[in-house]
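> Chain order of the listed sequences is F and Y. The first sequence stops at residue 577 when you use the UniProt record's numbering, and every number in between is there. The second sequence stops at residue 74 when you use the UniProt record's numbering, and every number in between is there.
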Amino acid sequence: MNRIFRVNMKDLTCKIEEVPEAWAGLGGRGLTSTIVAAEVPPTCHPLGPNNKLVFAPGLLTGTPAAQSGRMSAGAKSPLTGGIKESNAGGTSAQQFAKLGIKAMIIEDQPEAGKWYELHVNNDGVTFHDASALKGMQNFDVIDAMEAKYNPKIGVCSIGIPGEERLMAANISVKDPDHKIRSHGRGGLGAVMGSKNIKVITIDDSEGKKVEIADKDKFRAAAKVFAKAMLDHPVTGEGLPIYGTNVLINILNEAGGLPTKNFLYGSCEHHDKVSGETMHDVIASRPNGHTKHGCHAGCIIQCSQVYTDDKGEYITSGFEYETVWGLGINCMIESLDDCARIDNAMDNIGIDSIEGAVLIAVAMEAGVIPWGDGKETLRVMNEEIGKATPLGRILGNGTKSVGEAYGLTRVPVVKGQGIPAYDPRSVKGIGITYATSTMGADHTAGYSIATNILQVGGHIDPLQKEGQVELSRNLSIATASVDSTGMCIFIAFPALDIPECLPALIDMINARYGISLTGDDVVELGKYILKTEKAFNDAAGFTNADDRLPEFFEYEPIPPHNVVWDFSGEEIDEFWNF
Amino acid sequence: MKITVKLFAIFRNDRFKIEDREYPKDATVGDVLTALDIDHPELGVALINGRHVDTETVLTDGQTLSLFPKVGGG
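(1) Of all the alpha helix (DSSP H) runs that stay within the bounds of the stretch 483-545 of chain F, which reach a length of 4 or more residues?
(2) Might you give, ordered along the chain, the residues of its own chain that have their beta carbon closer than 7 Å to the beta carbon of D214 (chain F), omitting 5 neighbours on each side?
(3) Does H279 (chain F) pass the burial test, meaning 16 or more other C-beta atoms within 10 Å, or should it be called exposed?
(4) Measure the C-alpha to C-alpha separation of C338 (chain F) and S172 (chain F) and round it to an integer number of angstroms.
(5) Any idea what DSSP makes of P176 (chain F), helix, strand or coil?
(6) Do A66 (chain F) and K52 (chain F) come within 8 Å of each other at the CB atom, strictly closer than that value?
(7) Residues of the stretch 44-61 of chain Y in Cβ contact with chain F at a cutoff of 7 Å, in chain order, please.
(8) Applying the 10 Å Cβ sphere with the 16-neighbour rule, what's the burial state of A38 (chain F)?
(9) Nearest-angstrom Cα distance between C487 (chain F) and Y527 (chain F)?
(10) Taking the alpha-carbon positions, what's the P49 (chain F) to G366 (chain F) distance?
(11) Taking beta-carbon pairs under 8 Å, can you tell me which members of the stretch 10-34 of chain Y lie near chain F?
(12) Mark S471 (chain F) as exposed unless 16 or more other C-beta atoms lie within 10 angstroms of its C-beta, in which case mark it buried.
(13) Just grab the DSSP bridge partners of C156 (chain F) for me.
(14) Using 10 angstroms around the beta-carbon of A539 (chain F), count the other beta-carbons present and answer buried if the total reaches 16, otherwise exposed.
(15) Can you pull the chain F residues whose beta carbon is under 9 Å from the beta carbon of K2 (chain Y), in chain order?
(16) Can you list, in chain order, the stretches of the beta strand (DSSP E) that have 3 or more residues and sit fully within the stretch 290-334 of chain F?
(17) Looking only at its chain, what residues have a beta carbon closer than 7 Å to the beta carbon of N536 (chain F), apart from the 5 residues adjacent to it on each side?
(18) Give the DSSP-derived three-state secondary structure of I142 (chain F) in the structure shown.
(19) So is K208 (chain F) buried or exposed if we call it buried at 16+ other beta carbons inside 10 Å?
(20) For Q137 (chain F), does the count of other Cβ atoms within 10 angstroms reach 16, so buried, or fall short, so exposed?
(21) Does the stretch 15-35 of chain F come close enough to the stretch 106-118 of chain F that 3 or more CB-CB pairs lie under 8 Å?
(22) Within 7 Å: the Cβ of K102 (chain F) and any heavy atom of the ligand MG?
(23) Suppose you measure from the CA of P369 (chain F) to the CA of V361 (chain F); what does that come to, to the nearest Å?
(24) Within its chain, find whatever has a CB closer than 8 Å to the CB of Y446 (chain F); leave out the 5 residues flanking it on each side and keep chain order.
(25) Is the stretch 416-427 of chain F close to the stretch 252-267 of chain F, with three or more CB pairs under 8 Å?
(26) Between the stretch 52-62 of chain F and the stretch 23-36 of chain F, do three or more beta carbon pairs fall short of 8 Å?
(27) Within its chain, find whatever has a CB closer than 7 Å to the CB of L7 (chain Y); leave out the 5 residues flanking it on each side and keep chain order.
(28) T57 (chain Y) and V32 (chain Y) look like a contact to me (Cβ under 8 Å); what is the Cβ gap, rounded to whole Å?
(29) Would you mind giving the Cβ-Cβ distance between P78 (chain F) and A190 (chain F), rounded to the nearest angstrom? I have them listed as a contact below 8 Å.
(30) Residues of chain Y with CB closer than 9 Å to the CB of F318 (chain F), please, in chain order.
(31) In three-state terms, what does DSSP make of I350 (chain F)?
(32) Quick one: which residues of the stretch 54-79 of chain F get their C-beta closer than 7 Å to a C-beta of chain Y? List them in chain order.
(33) Counting only the same chain and skipping the five closest in sequence on each side, list residues whose C-beta sits under 6 Å from that of F551 (chain F).
(34) What is the residue span of the alpha helix (DSSP H) that D231 (chain F) lies within?
(35) Kindly indicate which three-state DSSP category C267 (chain F) falls into: helix, strand or coil?
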C-alpha cells in the first residue's frame with residue numbers, strides 16, 4: 001500500500017500522493033488518528049469544511065493473515081467533539097489494500113444541495129451525481145450500486161440520518177453477503193453527510209495482491225497465528241457457536257449487566273435473549289446460520305444470519321451490545337423484535353449501541369413504553385429514519401435525549417452512550433469508559449476479559465485495586481491492534497497463548513521487511529493514545545471530561561449494591577505513562 | 001446441603017440449565033465439577049452468588065453456583 005488518495009469535495013478533485021515517510025509504519029487507527037491530529041484543526045466544527053474524513057486499512061489488511069480485514073475510519077466526532085476512530089469489517093478494507101491505497105483523506109465540502117457518489121478505482125476517485133440516491137436507506141443504496149456496476153462492487157453509504165447529519169449516524173459497509181457492517185460509533189455518518197457524500201463505491205478489479213517482503217516467514221507466522229485462533233476456547237469454540245451474545249448470561253450472573261437504563265445489574269428475563277437461546281433459535285429455523293464471518297479470511301465466524309420461522313432473513317451481525325441494549329436495557333423480551341430493530345438500524349444507518357442506549361433513555365422519558373419492541377421499530381423507521389422533529393432529538397444520541405427530557409440517568413461519557421457493562425460492578429471498564437479518547441467505548445481497553453472472563457489473569461471486578469493499570473495496559477495494546485487491521489478478538493488468544501503475539505509481530509515484519517519488537521508495538525500504542533489525547537486537549541477537553549456521569553456515584557446498583565467510587569486523581573493516573 | 005447449580009453454554013449440553021442439587025457438607029466447586037463430569041480445565045468462570053471463585057472454594061448450604069466454560073465476546 002503505497003498511495004494516499006486525497007479527495008477535495010469543494011473542487012471535486014482527487015490527488016494521488018506518495019506516502020510520507022512518517023506515515024509508512026502506520027495503518028488503521030494509528031494512521032487515521034495521526035492524519036486527523038496533523039490536518040484537522042482541533043477546534044473546528046465537526047460538520048464544517050475543516051473536518052476531514054479519513055479511511056485507512058490496517059497494516060496487515062489484504063494479506064492472507066486471518067482476521068485482518070478491518071477498515072478504520074477517522075475524523076473529529078460530532079458526537080464527542082473529540083478525535084474518533086471506528087473500525088469495521090466488510091469488503092472495503094481488503095479492496096483498498098488491493099488497490100494499494102494506504103489512506104483516503106476526504107476534505108472540504110461541495111456546494112450545498114448536491115449529493116455525490118465517490119467512485120474509487122485503480123486510477124483514483126471520480127465524482128458522480130448521486131441526487132437520485134438522496135432519501136434512500138442503505139439496503140436500497142447497495143442494491144442500486146450493484147445494479148449500476150456489478151455484485152462485487154464495494155459500497156460504503158449513509159442513510160437518511162447521515163444525510164441529515166444526526167449524531168448517531170454511522171457509515172455502513174457492504175459485507176461479503178451484500179449485507180451491512182458499520183463504522184458505528186461517534187457519528188461518522190454525519191461527517192460523511194456533511195460532505196454531501198451519499199455513497200462511496202469501490203472497484204478493485206484492477207487491483208493487485210499485496211506484496212509480502214518475506215513470503216516464507218509470513219506463511220510460517222500466519223500458520224502459528226491461525227492455530228492460536230482455533231486452539232483458544234473463546235475464539236475457536238465459544239464465539240463460533242454462540243456469537244458475542246454469549247456474554248448476556250455471564251454478565252447477568254456477575255451483576256454487571258445494565259438493565260432498564262442502568263437501574264439494575266441483572267435482569268430476570270436474561271435467558272430469553274441470551275446467546276444460548278439465540279443459537280437454538282437460529283439453528284431451529286430455515287436458512288439460519290449460527291456461524292458467519294464479517295470479512296473474507298475470518299476464521300472465528302462469530303457473526304450469524306438470523307431468520308424468521310419461515311426462513312426469511314431478519315438480520316445478521318446481531319451483536320451482544322445490540323441485544324443487550326434492546327433486550328435488557330430497553331427490556332424488549334422478544335428476540336425477533338430485537339433482531340428486526342437491529343436490521344432497521346443497519347438500514348437507516350445508525351450506531352446500534354448508541355441507538356439502543358438512546359432508546360432506553362427515551363423509554364425512561366416516557367416517549368416509548370418500556371419493553372415495547374413494535375413501537376421501538378416504528379420509531380426507528382418512521383421517526384429517526386425519516387429525521388422527523390422527534391427523530392432528530394433521538395437521532396442525535398443519548399445525551400441529546402437526556403437533555404431534551406430533563407433526565408439525570410443519562411449514561412454517556414464525552415457525549416457517547418455507555419455500552420453493555422456496568423462500570424460500578426465492573427470497575428476496570430469504568431476506567432476505560434472514563435479515559436478513552438473516543439468517549440465511552442468498551443473496545444478501547446476491554447477489561448471485561450480480565451475482570452469477568454478470566455482471560456489474561458483475573459482482577460476482581462468489584463474492587464478498585466489494579467483496575468487503572470489493567471485499563472491502561474489494555475488500552476495501549478488495543479491502540480496497536482487497531483492499527484493492524486485485525487479483529488479485536490485476537491486479544492483473547494494473544495492474552496493466553498504465548499506464541500500468538502510474536503506471530504502477529506512476525507507477520508508485520510515479514511510483510512514489510514522490517515524488524516519490529518514487542519517493545520516497538522507497545523510504543524506504537526502509547527504514541528497513538530498520546531496523539532489522540534493531545535488532539536482532544538487542544539479541542540478543549542480537560543481531565544474533568546475523563547469522568548463518569550454523576551448518577552453512578554450515588555445510585556448503588558443491585559445485586560451487589562455498589563457505586564462508582566474512584567476519585568478524579570485516581571482516574572487521572574491512567575495517563576501516567 | 002442444597003446448592004442451586006446453573007450451567008451455561010456447552011456445559012448445558014446433555015445436562016441442564018438450572019437445578020437444585022444435594023452435595024455433601026464442605027463440598028468444593030471442584031467437587032461439583034467432578035460430579036457433573038466436567039473436566040476441571042474446561043472451566044472458564046465459576047461464580048458463587050455473583051462473585052468469582054476458584055475450584056478450591058468450599059460451598060455452603062443455599063448458595064447459587066454458576067459455571068461457565070471459557071467464553072468471550074465484545
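We treat Cβ as the ideally placed atom computed from N, Cα and C, and that holds for glycine. It should be emphasised that the depicted structure is a prediction, and the values quoted were computed from it without experimental measurement.
Looking at the atomic coordinates:
(1) 491-496, 500-512 and 518-539
(2) A510 and G513
(3) buried
(4) 19 Å
(5) coil
(6) no
(7) G44, V45, L47, G50 and H52
(8) exposed
(9) 20 Å
(10) 38 Å
(11) I10, R12 and K17
(12) buried
(13) F:V173 and F:I200
(14) buried
(15) Within 9 Å Cβ-Cβ: nothing; K2 (chain Y) doesn't reach chain F, min ~19 Å.
(16) 303-307 and 313-316
(17) G82, I83 and T437
(18) helix
(19) exposed
(20) buried
(21) no
(22) The model depicted lacks the ligand MG and carries no ligand whatsoever.
(23) 11 Å
(24) I429, T432, L474, T478, I488 and A491
(25) yes
(26) yes
(27) R15, F16, K17 and L67
(28) Their Cβ separation, rounded to whole angstroms, is 10 Å, which puts T57 (chain Y) and V32 (chain Y) out of contact at 8 Å.
(29) 5 Å
(30) Under the 9 Å cutoff, chain Y gives no residues; its nearest Cβ is about 12 Å from F318 (chain F).
(31) strand
(32) none
(33) T408 and R409
(34) K215 to D231
(35) coil
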